[in-house]
Structures are given as structure tokens and as C-alpha cells.
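Working notes for the structure below.
2 protein chains.
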Amino acid sequence: MTNRHVTIKDIAREAGVSPALVSFVMSNRVAGEQLYRVNPETSKRILEVAEHLHYKPNNSARALRSGKTGTIGVVVSDIANPFFAEIARYLEDDAYHYDYNVIFGSSDENPEKFRRVVNVLLNKGVDGLILVPCAGADETLREIVASGINTVLIDRKVPGLEVSSVVLDNRSAARVIVEKLLSRGARRIDMVSYSMDISSTRDREQGYRDAMEAAGLSDNIHIERVAHNDYACIPDYFREARSRGVEAFMMATNTLSSLVLSEIIRNGFRVPEDYQVARFDRNSVYDFNGHGIIYVRQPVDLFAGKAMKLLMAEIRRKPKQEIPVEEIVLSPEILE
Amino acid sequence: MTNRHVTIKDIAREAGVSPALVSFVMSNRVAGEQLYRVNPETSKRILEVAEHLHYKPNNSARALRSGKTGTIGVVVSDIANPFFAEIARYLEDDAYHYDYNVIFGSSDENPEKFRRVVNVLLNKGVDGLILVPCAGADETLREIVASGINTVLIDRKVPGLEVSSVVLDNRSAARVIVEKLLSRGARRIDMVSYSMDISSTRDREQGYRDAMEAAGLSDNIHIERVAHNDYACIPDYFREARSRGVEAFMMATNTLSSLVLSEIIRNGFRVPEDYQVARFDRNSVYDFNGHGIIYVRQPVDLFAGKAMKLLMAEIRRKPKQEIPVEEIVLSPEILE
DNA sequence: AAAAATAGTTAAATCGTTTTAATATCCCAA
DNA sequence: TTGGGATATTAAAACGATTTAACTATTTTT
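As you go down the protein sequences, you meet chains A and B in turn. The numbers in numbering that gives the first Met the number 0 rise by one with no breaks, and the one at position 203 of the first sequence is 202. The numbers in numbering that gives the first Met the number 0 rise by one with no breaks, and the one at position 6 of the second sequence is 5.
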């Protein structure tokens with residue numbers, strides 16, 4: 000209340016130096032290739048005065064002059080979805096260690112909203128973007144990349160886009176868990192996936208096909224594609240699957256498998272006695288339903304860590320340096 | 000890539016007016032009590048030029064000059080916790096409608112980290128704060144309030160602090176669900192709570208006591224207080240509770256009840272046949288474990304909505320207007 | 001001893017807006 | 001015709017930092 004904003008000028012006056020020198024000390028910066036040379040004693044005095052006056056740099060002024068906001072924008076499908084919430088949490092912590100902040104946005108898997116949210120973040124003036132691209136956002140993504148904004152994709156990649164990404168080896172992961180189901184004797188294995196066109200689920204489908212074909216079960220391949228947020232069809236699907244004599248389900252995501260599991264149990268069946276189940280992502284539900292569920296654990300911490308590291312490398316590169324495009328593929332862990 | 004930043008000056012030149020006028024039009028502002036009067040035709044022309052040049056206002060400059068960043072800071076316990084993730088999601092959407100952005104931080108229920116995160120947000124220059132105060136953060140909170148930063152507390156309130164808050168009527172909610180357990184015949188009802196000192200769990204404990212005492216069961220009152228993140232003690236506790244002949248559990252939170260439920264089921268018991276359970280917050284686990292669980296549904300959307308509304312009212316009040324302190328208590332919904 | 005390099009510091013421009021106070025124009029009443 | 005009020009517009013001063021180029025000293029090299 001009492002204290003008007005303390006500025007660099009106040010410190011300069013108090014310490015008997017110029018504002019410029021204070022600036023140099025506060026953000027120990029490089030000019031050209033050289034480090035600014037400040038007398039250690041002067042530097043110490045300035046820091047003491049700053050401390051004493053409770054100086055807090057004004058980020059807006061900094062950002063205005065330097066063009067860097069120290070903020071990065073993150074767009075996920077839905078921050079309330081546990082998978083993305085966890086990633087968000089790691090990103091938040093990682094950013095902190097780089098002296099950065101994070102602003103989040105949720106796309107709801109809607110390309111129009113995706114564009115809008117990205118624009119809001121860009122208007123805010125983020126130094127970079129970490130995006131979970133949603134289906135149909137290719138146009139927006141191309142514009143972003145073309146405009147030279149530092150960007151890293153996460154969880155899903157977009158073919159033909161010159162941009163770094165961090166994804167899971169979804170195809171192998173899916174293959175392995177389906178093989179596990181096969182080794183347990185299941186033959187009629189359905190996969191439940193999303194109808195939206197994103198690389199992660201498409202790759203998982205391919206892994207499922209790989210495993211089924213390798214086992215000579217091409218005829219048993221059945222991929223049920225559910226529209227995002229249209230979950231009313233699950234009961235019908237389950238009834239139909241039962242009539243086909245399905246023995247096991249492989250679920251592409253968290254949400255889907257909760258829905259199908261719920262349907263299985265509502266109908267009075269048990270896992271794994273009546274139906275085998277394999278799925279992506281852990282869930283507290285396992286704690287209550289025996290030990291029969293095979294699942295893929297995604298290294299959420301690495302998703303965040305690698306993405307942040309790539310982004311920071313892009314942000315910190317010298318203006319004329321080439322943009323390093325790197326595609327990181329993370330290995331899953333298969334657990335029960 | 001091609002386009003250097005388009006500024007207000009570019010528009011002014013193109014439209015043949017002064018930068019000031021462009022500014023007035025872009026943010027249709029009030030001067031003193033009066034609205035700036037701009038000729039509708041001029042206004043239209045300026046907007047057209049702006050549109051045509053793809054003008055994007057520079058937020059840093061705006062913020063520097065006006066002192067408003069259009070960003071609000073939110074600190075929760077852990078953004079990865081479903082309850083807070085959902086609140087975060089609503090806050091994000093609500094903020095958008097006020098033309099604001101949100102930056103999140105997680106305190107991990109650690110007062111030191113709470114202070115640090117709040118300071119990071121303040122350094123960033125947020126226009127206001129929405130906080131879930133953690134135990135032991137009273138000092139930090141008092142400083143915040145004393146410094147006149149617009150603040151609203153959510154989920155938990157801090158007695159003796161002159162600040163608006165939005166909380167659940169935790170006491171009644173707890174009383175009602177315990178009464179439900181009682182009406183189902185349970186007499187030996189334990190409550191599982193946190194040892195940390197926050198208003199929400201304390202109020203819930205009081206509600207539990209109210210119900211037990213009203214039923215003449217004062218002697219059966221047992222509140223098990225678990226330290227945050229020290230969940231290894233749950234199995235011991237459960238064994239001890241069994242030996243006491245406990246028939247029902249009332250759990251103070253999401254996380255706690257998942258843990259206890261898991262322990263119940265791991266030991267081969269069933270809900271509600273062997274143990275009755277009542278708890279706060281819904282969870283997908285219910286979908287898989289019968290219909291016996293009584294739970295309190297918190298109106299998460301209202302938490303966010305009311306808090307944002309209060310905060311906006313504070314932010315938009317005239318400098319000399321009094322700070323309106325309002326305590327909103329939300330009604331829970333009791334479900335099975 | 002002169003020239004060159006180095007170290008330490010600063011003046012002043014600049015970033016893109018907002019905002020205050022002033023001005024210019026027109027209209028109508030006195 | 002003069003003056004007062006609207007109405008519409010603008011010049012110019014902020015806002016608080018960063019950053020370039022310049023300017024002293026001082027030291028080193030030739």
C-alpha cells in the first residue's frame with residue numbers, strides 16, 4: 000500500500016549509478032558476444048540496494064522492450080482430463096526451473112476453439128507454444144509454424160509439419176499389450192478407439208492390427224470408433240460385441256476404457272474372468288478391480304520434460320541459427 | 000515472418016488520424032466519467048484498417064502503460080488433483096468471457112511453496128488472485144490482503160482475514176451424509192480426515208460430530224487424521240478400525256476415500272454389504288462399485304463462477320471505492 | 001611515449017500503448 | 001458577433017525497463 004513501485008531509477012539514484020548499470024546487473028546480460036563488465040563491488044552494492052528497497056522488476060516493461068515475455072503457452076484437449084492435468088503439472092514445474100511461466104488453454108478437440116485459444120495466447124505474447132494438436136487443426140498449425148513461433152507438439156504429431164514433437168511409441172505399445180491379451184488365450188479381441196483423426200490413436204490402431212495379423216487373426220480385427228463426447232453408443236456397442244463373442248477389449252484411452260469397463264461391470268460381468276482388458280493409461284479404478292488389467296504407462300514426466308527442453312532450445316537459439324526439428328519418441332512401460 | 004509488428008501508428012498513418020484516436024477506438028474507453036466521443040465514421044474506418052493490417056495489440060505495452068495485465072493468478076493445491084483440475088478448467092473458461100487470462104500455480108499444501116508461487120504470479124503482474132489457501136499460509140495471506148491486491152479465496156476460508164471467499168457449506172454437507180449413514184443403520188461410524196488445518200476439513204469434521212452427537216453417539220466419534228501425502232498408514236488404520244467393529248466410513252476428500260475404499264476392497268470386503276461409505280466428491284470409481292456410496296457433489300462450476308465474479312467486481316471498482324468483502328457459501332448436493 | 005586494448009559506466013533512444021490536457025470545429029443562444 | 005457548449009481530434013508525456021553507442025579511465029602493447 001505504502002510503497003509506490005520501486006523502479007530501476009530509484010535503485011540507480013540510491014546507489015549513485017545510472018539506470019543502465021542497474022539493468023545490466025539485474026539481468027546479467029550479454030551484449031553482442033560479450034558479457035557486460037560490471038565492477039563486482041558496484042554490482043554488490045546495487046544488489047543490496049535493490050534487496051533493501053524490495054525491488055521487483057516490471058515484467059511488462061521488460062517484455063515491451065526485449066520482446067520476450069517469459070511465458071509459454073500450452074494448449075491441451077482438456078485440462079480437466081487427468082492425463083493432461085498431470086502433464087500440465089509437470090510443465091508448470093519444469094517451466095519454473097527455466098524461469099518461465101505457463102498459460103494453459105483447452106481446445107476441447109475442437110479445431111475452431113484450438114485456433115481461438117492459440118490466438119489468445121499469441122496475443123498475450125507467449126515466447127513459445129507447447130501444443131496437443133487436435134484433429135482438423137492442421138491449417139492453424141501450418142500457419143503457426145510458418146510464422147516462426149517456437150513450437151513443440153506433444154502426445155500427437157502431425158505428418159508433414161516441420162516442427163519438433165514428443166510422442167509415445169504408440170504402435171509398439173499397442174502391439175505389446177494386444178500380444179499380452181493373445182498370450183492369455185484371447186482370440187476375439189476388439190479395439191475401442193476414437194473416430195477423430197489424431198496420430199496417437201491411429202498409431203495405436205496400427206499396433207493392434209500388427210499384433211492381430213501376426214497372430215493370423217486378421218478376420219477378428221474389429222475397431223470400434225467412438226466420436227468424442229458421444230458416449231451414449233457404448234451400451235449398444237457392448238451388446239453387439241457380446242453377440243459377436245468378443246473375449247477381450249483393448250482401449251485406446253483413459254476415458255474410453257473407463258466407459259467400457261463400467262459397461263462390462265454394469266452388466267454383471269467380471270474382469271478378467273469374463274472379459275480380458277488392456278488399455279492405455281493408469282487409473283485409480285484398478286485399485287478396485289483386481290489385477291487382471293494390462294495397461295500402458297506413459298512417462299508423463301518425460302513428455303513434459305523433453306517438450307520443455309526442446310522448446311527452450313528453440314527459444315534460446317541465436318536469431319540466424321537454423322530451427323532444429325527433433326522428433327522424440329518415448330518408450331512406454333507395460334504393467335498390470 | 001514477413002510482417003513486422005503492426006502498431007497503432009501504422010493504423011493511424013493509414014487511416015489519416017492520430018495514434019491516440021486509434022487507441023480510443025481499439026479499447027473503447029471512458030475518460031473520467033465521460034465516454035470518448037469518436038465519430039462513428041472515423042471509428043469504422045479505423046477498425047477496417049486495423050482488420051486489414053491484421054493488427055494485434057501489444058499486451059506488454061498496454062500493461063506497462065495502464066498497469067493492468069488482463070491476467071489473473073490462480074493457486075491451488077495441485078492442478079493434477081481432479082477436483083482442482085476441474086475448477087481450473089471452469090476458471091479458464093470464465094476468465095475468457097471477461098477478456099482475461101489465467102496463470103496457474105500449485106502449492107502442494109506447502110506454505111513455503113505457496114508463498115513462492117504467489118510471488119511468482121505477482122511478479123508476473125497479475126490483476127488479481129484466486130487462491131486455495133493452504134495450512135500455514137496465514138502470514139502470506141495477510142501480507143497479500145494488506146498490500147491491497149484483489150484476492151478471492153476458494154474452497155477454504157481463513158478466519159479473521161478481510162477477504163472474499165467462496166466455500167461449500169461443509170458442515171451441513173458432512174452432517175447430512177452422516178445422517179444418511181445413520182439412517183441406514185450404521186452406528187459405529189469413523190471419519191477419515193486430514194491432519195492439516197484447513198477450514199474445509201475442519202468444518203466437515205464438525206458436521207460429523209454434529210450428526211453423531213445428535214444421534215447420541217458421542218462415544219463412537221472417531222476422527223482419523225492422516226498427514227498429507229503420508230498414506231502408508233491407511234492399512235494399519237483399517238486393521239485397527241476393524242478391530243473396533245467400525246461399520247461405516249465417512250471420508251473428507253476424494254483422495255482419502257479412494258485410498259480407504261481400495262483398502263476395504265483389497266481386504267476382500269464389499270461396499271455397502273460389509274461397510275457403508277460416505278464421502279466428498281464424485282469419482283469414476285463409483286461406476287464400478289455398486290450403488291451404495293453416498294457422496295457430496297460440490298458445485299465446481301459455481302466455485303469458479305462466483306469466485307471470478309467477485310474478483311472482477313473488485314478489479315473493476317473505482318480506486319476510492321471500498322473493498323467489498325463477501326463470503327459466499329454454496330449448497331452441496333447429496334447423491335448416491 | 002604513443003597507440004591500442006580493456007574495463008567500467010552512462011546518455012539517450014526505444015519498445016507500443018494509454019491518457020491528460022489542449023485544440024479545433026461547428027452550432028446555437030444571447 | 002460573441003461566447004458557451006457540445007463534438008471530434010491530437011500532441012505529447014508518461015509507463016519502466018533494455019540496449020546501443022559513446023565516453024572515460026586505466027592498463028597493456030608496440
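Where is the CB? At the ideal position from N, CA and C, for every residue including glycine. Given the structure is predicted, the values throughout are model-derived calculations rather than measurements.
From the DSSP output, in three-state form, read off residue i for me.
i: Thr252 of chain B; result: coil
i: Glu321 of chain A; result: coil
i: Arg186 of chain A; result: coil
i: Phe279 of chain B; result: strand
i: Met0 of chain A; result: Note on Met0 of chain A: pLDDT 37, under 50, position unreliable in the model; no value is reported.
i: Gly104 of chain A; result: strand
i: Glu13 of chain A; result: helix
i: Glu85 of chain B; result: helix
i: Ile333 of chain A; result: strand
i: Ala351 of chain A; result: An answer regarding residue 351 of chain A cannot be provided, because it is not within the stretch 0 to 335 covered by chain A.
i: Ser76 of chain B; result: coil
i: Ile292 of chain A; result: coil
i: Tyr207 of chain A; result: helix
Would residue i pass as an interface residue toward chain B - the criterion being a Cβ-Cβ separation below 9 Å?
i: Lys8 of chain A; result: no
i: Ile45 of chain A; result: no
i: Ser106 of chain A; result: no
i: Asn100 of chain A; result: yes
i: Thr200 of chain A; result: no
i: Met0 of chain A; result: Confidence at Met0 of chain A is low in this model, with a pLDDT of 37, below 50, so the placement of that residue should be treated as unreliable; the coordinate-derived value is given next. Met0 of chain A counts as touching chain B.
i: Asp273 of chain A; result: no
i: Glu91 of chain A; result: yes
i: Arg296 of chain A; result: no
i: Glu138 of chain A; result: no
i: Leu255 of chain A; result: no
i: Pro81 of chain A; result: yes
i: Ile84 of chain A; result: According to the sequence displayed, residue 84 of chain A carries Ala and not Ile. Judged by the 9 Å Cβ criterion, Ala84 of chain A is in contact with chain B.
Measure the alpha-carbon distance for residue i versus residue j and round it to whole angstroms.
i: Ile176 of chain A; j: Pro234 of chain A; result: 24 Å
i: Gly206 of chain A; j: Ala173 of chain A; result: 5 Å
i: Phe268 of chain A; j: Ile129 of chain A; result: 42 Å
i: Met311 of chain A; j: Thr68 of chain A; result: 13 Å
i: Arg201 of chain B; j: Val73 of chain A; result: 36 Å
i: Val117 of chain B; j: Gly104 of chain B; result: 8 Å
i: Tyr294 of chain B; j: Asp137 of chain A; result: 43 Å
i: Lys43 of chain A; j: Thr6 of chain A; result: 18 Å
i: Lys55 of chain B; j: Arg61 of chain B; result: 11 Å
i: Glu335 of chain B; j: Val191 of chain B; result: 19 Å
i: Ser100 of chain A; j: Phe279 of chain A; result: Per the sequence shown, residue 100 of chain A should be read as Asn rather than Ser. When rounded, the distance between both Cα atoms is 30 Å.
i: Val119 of chain A; j: Ala94 of chain B; result: 12 Å
i: Asn219 of chain B; j: Glu262 of chain B; result: 22 Å
i: Ile188 of chain B; j: His221 of chain B; result: 8 Å
i: Val131 of chain A; j: Arg170 of chain A; result: 18 Å
i: Val165 of chain A; j: Val328 of chain A; result: 6 Å
i: Pro158 of chain B; j: Gly66 of chain B; result: 31 Å
i: Asp98 of chain B; j: Asn38 of chain A; result: 46 Å
i: Asp300 of chain A; j: Val16 of chain B; result: 53 Å
i: Ala19 of chain A; j: Ser26 of chain A; result: 11 Å
i: Pro81 of chain A; j: Asn80 of chain B; result: 8 Å
i: Leu46 of chain A; j: Lys8 of chain A; result: 13 Å
Whole-angstrom Cβ separation of residue i and residue j, contact assumed at under 8 Å?
i: Ser198 of chain A; j: Arg155 of chain A; result: 5 Å
i: Asn58 of chain A; j: Gly291 of chain B; result: In fact, because the Cβ distance is near 53 Å, the residues do not count as touching under 8 Å.
i: Pro331 of chain A; j: Arg281 of chain A; result: With 8 Å as the limit, Pro331 of chain A and Arg281 of chain A do not qualify as a contact, their Cβ atoms being about 12 Å apart.
i: Val259 of chain B; j: Phe237 of chain B; result: 7 Å
i: Ala49 of chain A; j: Ile10 of chain A; result: 5 Å
i: Gly127 of chain B; j: Glu313 of chain B; result: 7 Å
i: Arg224 of chain B; j: Tyr193 of chain B; result: 6 Å
Output yes if chain A places a C-beta closer than 9 Å to the C-beta of residue i; else output no.
i: Lys55 of chain B; result: yes
i: Ala303 of chain B; result: no
i: Ser59 of chain B; result: yes
i: Asn109 of chain B; result: no
i: Ala158 of chain B; result: The sequence shown places Pro at residue 158 of chain B, rather than the Ala named in the question. No, Pro158 of chain B does not count as interfacial toward chain A.
i: Val119 of chain B; result: yes
i: Arg315 of chain B; result: no
Any heavy atom of the ligand FMN closer than 8 Å to the Cβ of residue i?
i: Asp189 of chain B; result: Summarising the ligand content, the structure contains no ligands, and the ligand FMN is consequently not present.
Q. Between the stretch 243-253 of chain A and the stretch 172-189 of chain A, do at least 3 Cβ pairs fall closer than 8 Å?
A. yes
Q.
Under 8 Å: do the stretch 144-158 of chain A and the stretch 251-259 of chain A share three or more Cβ pairs, one atom per stretch?
A. no
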